[in-house]
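Novice: Next up is a structure, given as structure tokens.
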Amino acid sequence: MNSQSQILIFAISIGVGIVCVILMGFIPSGLAPLAVVFAVLALLSSIVAFATKDYLFLFEPFTKMKHMNIVIEESDPFYMAQSGNAIVVRRGNDIFATAFIKIPIYSTATEMDDDQKYNFAILFARLVSISKTPMRLSSQLHAINKDEYLARINAKLNESEGRYNVLQGDKNADPKALDRVKGEVTMWRNMLDNVSRSNSQQLGVYASVSAAGNSEDEAINMVSVRAEEIAAGISTTLGVSANVMSGNEILVFTDPDKMIPPATISEIMKYKNTQAA
Amino acid sequence: MDEKTIVYIAASMLLVLMVLGSSSSFGIFGILIKILAVLTFIFILLLAFADFLLFPVITRIFGITITPAKNFTITSSQDSVIKYSNGIYYATGYLTANVYNYIFAAERATDDQPELAAAPEKWEKAIMNIKFPFKFNLIAASEDIQKYRDELETKRGLLEFQYSKEMQSTNPNPMGLENMQREINVIQTRIDKIGEGEKPVNSIMYVESTAVGVSLKDAQDALTNQLNELQTIFNVFDLSLIRITGREVYSLFSFNYLIPNESELFSMFSTQN
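Order-wise, the sequence lines are chains W and E. Under the working numbering, the first residue of the first sequence carries the number 196, and numbering increases by one thereafter. Under the working numbering, the first residue of the second sequence carries the number 31, and numbering increases by one thereafter.
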């Protein structure tokens, strides 16, 4: 609901309340219980009028509440734009698009002297003021989906184990070559153990910005222009190549399943249990 | 308190007062109306200044849950958003991250260089100590410089007038004068900073974390632990970190997908900012 509906509902509530108070004035003292009814209506109207300020978004869903569950939206919170460079959100008749800009920062404070650290802090403070429309700057620590990486290590391990077995079966094999392949097998096995045991995380820094439009295309075009402007501003300010994200890259920052991929849950739980102990 | 809140409170309270005024001629029923009016008065005040306490109490008593989107649920305790997917519960919660305002720091025209230089290292150390997913968010929009400067100059002019009036009075209050002088200094510092090229910015900061569990309780407990840990870790940044409850949980959930315009954004956080 927009601000016009907000003002309308507020005015209607106040109006109903005033009418109830006026009617109370005409009630003779013999019909006092009726006055209580009107008073309750007027007081409820005053609460409704005030609630329109912050709780308007719940008014309509509240009237359709089932089994003590207020459903604000039945569809997914967003869907990916066909171009893949933004997500689209529908709120009633309004259409919005949100774009995400990746900010790749590779420098670390441990490699900076005090002046560089100060300058970096100042640059980051400047970054905050590059947009007049609200922009969200986020830093997200999320689990890395290591499934693919583990499969690659496993393949390498199987391949080196195969070579080791072949060499072991060969009587004329060079002992040095056998040792080398044995070392390789140990290396891959250790790597597999370490990678699967540890909780691997990644820190991503990004900005996001939204735009409204009368149609999906208009919203996407507007947000794309805005995102490119912000990306250019970030690149100039921080000296990095900020670029607009697309496809699955976006999902890591919007979807809890992608933030914590199912494959990594056992690791996180293991960490949680260690903490609890 | 912003102008909008004042208008809403004034109109609602006026209605309550009208009911109170009309109740005198109904004897015992009049007393009942008066009691109801006083209760409504208190309810509206609570809704205006402590809705983050009141709203979760109501939803918890009636066991009301909110579905903000498909597969997501805001629990009746109004402190987390739950996603159930493939047999796993994902619980997401939020913390405020407000910078404490120090009047003495606001009076200083120059930046605190050692403190700023220490910030990147503090951030990296904090990140190294966090072993679970989290997100630090800052929503910012720069203000119109000229408009902001005009507002500051008007405010400074008013304070200077009050200051000189107090000085000319027969019995000036030294404490009041000192306070006014300090406020003038803060405004002057802001004007000077704009003159040096700094842009005025409106901002909201919050921290978000997601926990997983095989049951709802498991995920919620893990989330509480994670948020407590984040509160401890981010204390080094001199931030006020409080767990967000109530309607703002829904607002922050929707910010992941849509950032509203400036006026909507700042009206949402007028109380629990």
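All residues carry an ideal CB built from backbone N, CA and C; glycine is no exception. What you are looking at is a predicted structure, and each value in this text was computed from that prediction instead of being measured.
Can you tell me whether Pro98 of chain E is helix, strand or coil according to DSSP?
Specialist: strand
Novice: Is it buried or exposed for Gly212 of chain W, if we count other Cβ within 10 angstroms and need 16 for buried?
Specialist: By the neighbour-count rule (16 or more Cβ atoms within 10 Å), Gly212 of chain W is buried.
Novice: Helix, strand or coil for Val323 of chain W per DSSP?
Specialist: coil
Novice: To be precise: take each residue of the region 375-399 of chain W, compare its Cβ to all Cβ atoms of chain E, and keep it if any distance is under 7 Å. Which residues remain?
Specialist: Asn394 and Leu398
Novice: For Asp342 of chain W, which residues in chain E fall below 8 Å Cβ to Cβ?
Specialist: Ordered by position in chain E, no residue passes the 8 Å Cβ test against Asp342 of chain W, which lies about 15 Å from the chain.
Novice: Please confirm whether Ile300 of chain W has its beta-carbon closer than 8 Å to some beta-carbon of chain E.
Specialist: So no, Ile300 of chain W is outside the interface.
Novice: Using a Cβ cut-off of 8 Å (strictly closer), state whether Asn258 of chain E contacts chain W.
Specialist: Interface criterion not met: the Cβ of Asn258 of chain E is under 8 Å from no Cβ in chain W.
Novice: Could you compute how far the alpha carbon of Asp109 of chain E sits from the alpha carbon of Ala249 of chain E?
Specialist: 13 Å
Novice: Quick one: measure Cβ to Cβ for Ile265 of chain W and Ile94 of chain E, integer angstroms, because I've assumed they're closer than 8 Å.
Specialist: About 6 Å separates the two Cβ atoms, so the contact holds.
Novice: Can you tell me whether DSSP reads Leu288 of chain E as helix, strand or coil?
Specialist: coil
Novice: Would you say Lys261 of chain W reaches chain E, if we count a Cβ-Cβ gap shorter than 8 Å as a contact?
Specialist: no
Novice: Tell me, please, which residues DSSP counts as bridged to Val284 of chain W.
Specialist: W:Phe291
Novice: Along the chain, where does the beta strand (DSSP E) that runs through Thr381 of chain W open and close?
Specialist: No beta strand (DSSP E) holds Thr381 of chain W; the alpha helix (DSSP H) holding it covers Pro370 to Arg392.
Novice: Please say whether Ala281 of chain W and Val447 of chain W have beta carbons closer to each other than 8 Å?
Specialist: No, Cβ-Cβ distance for Val447 of chain W and Ala281 of chain W is not below 8 Å.
Novice: Which of the three DSSP states, helix, strand or coil, is assigned to Ser198 of chain W?
Specialist: In this structure, Ser198 of chain W counts as helix in the three-state DSSP scheme.
Novice: Tell me whether Leu251 of chain W sits in a helix, a strand or coil according to DSSP, three-state version.
Specialist: helix
Novice: Which first and last residues belong to the beta strand (DSSP E) in which Ser403 of chain W is found?
Specialist: Gln396 to Gly408 is the span of the beta strand (DSSP E), which, as asked, contains Ser403 of chain W.
Novice: Listing by chain order, which chain W residues have their CB less than 9 Å from the CB of Thr97 of chain E?
Specialist: Pro256, Asn264, Ile265, Val266, Ile267, Glu268 and Glu269
Novice: Identify the continuous beta strand (DSSP E) that holds Gln335 of chain W and give its terminal residues.
Specialist: Met330 to Ala338
Novice: Under 8 Å, Cβ to Cβ, is there at least one residue of chain E near Gln277 of chain W?
Specialist: no
Novice: Examine chain E for any beta-carbon lying closer than 8 Å to the beta-carbon of Phe338 of chain W, and answer yes or no.
Specialist: The sequence as given places Ala at residue 338 of chain W; Phe does not occur at that position. Interface with chain E (8 Å Cβ-Cβ cutoff): Ala338 of chain W is included.
Novice: Of the residues that make up the region 44-57 of chain E, which ones have a beta carbon closer than 7 Å to any beta carbon in chain W?
Specialist: Leu45, Val46, Met48, Val49, Ser52, Ser53, Ser55, Phe56 and Gly57
Novice: Tell me, please, whether the CB atom of Leu238 of chain W is closer than 8 Å to any CB atom in chain E?
Specialist: yes
Novice: Since I believe Thr432 of chain W is in contact with Leu322 of chain W (beta carbons under 8 Å), could you give me their beta-carbon distance rounded to a whole number of angstroms?
Specialist: 5 Å
Novice: Who pairs with Leu269 of chain E in a beta bridge, going by DSSP?
Specialist: E:Val129
Novice: Would Leu269 of chain E count as contacting chain W if we go by Cβ distances under 8 Å?
Specialist: no
Novice: Got a sec, what are the start and stop residues for the beta strand (DSSP E) Phe166 of chain E sits in?
Specialist: Phe164 to Ser172
Novice: To the nearest angstrom, how far is it from the Cα of Gln302 of chain E to the Cα of Ile74 of chain E?
Specialist: Note that Gln302 of chain E has pLDDT 41, beneath the 50 cutoff, so the model's placement of it is unreliable and the number below is only indicative. Cα to Cα, Gln302 of chain E sits roughly 16 Å from Ile74 of chain E.
Novice: Taking the continuous beta strand (DSSP E) assigned at Val111 of chain E, which residues delimit it?
Specialist: Where Val111 of chain E is concerned, the enclosing beta strand (DSSP E) stretches over Val111 to Ser115.
Novice: Extract the residue ranges of the beta strand (DSSP E) inside the region 206-284 of chain W, only unbroken runs of 3 or more that lie entirely within it.
Specialist: 264-266
Novice: Under 7 Å between beta-carbons, which chain C residues line up against Leu188 of chain E? List them in chain order, please.
Specialist: Absence of chain C from the displayed structure is noted, the protein chains being W and E.
Novice: So the candidates are E:Phe267, E:Arg277 and E:Asn209; which of them puts its Cα closest to the Cα of Thr89 of chain E?
Specialist: E:Arg277
Novice: Among the residues of its own chain, which have a CB less than 7 Å from the CB of Tyr280 of chain E, if the five just before and after it don't count?
Specialist: Ile96, Pro98 and Ile104
Novice: If you reduce the DSSP assignment to three classes, tell me which class Glu226 of chain E lands in.
Specialist: coil
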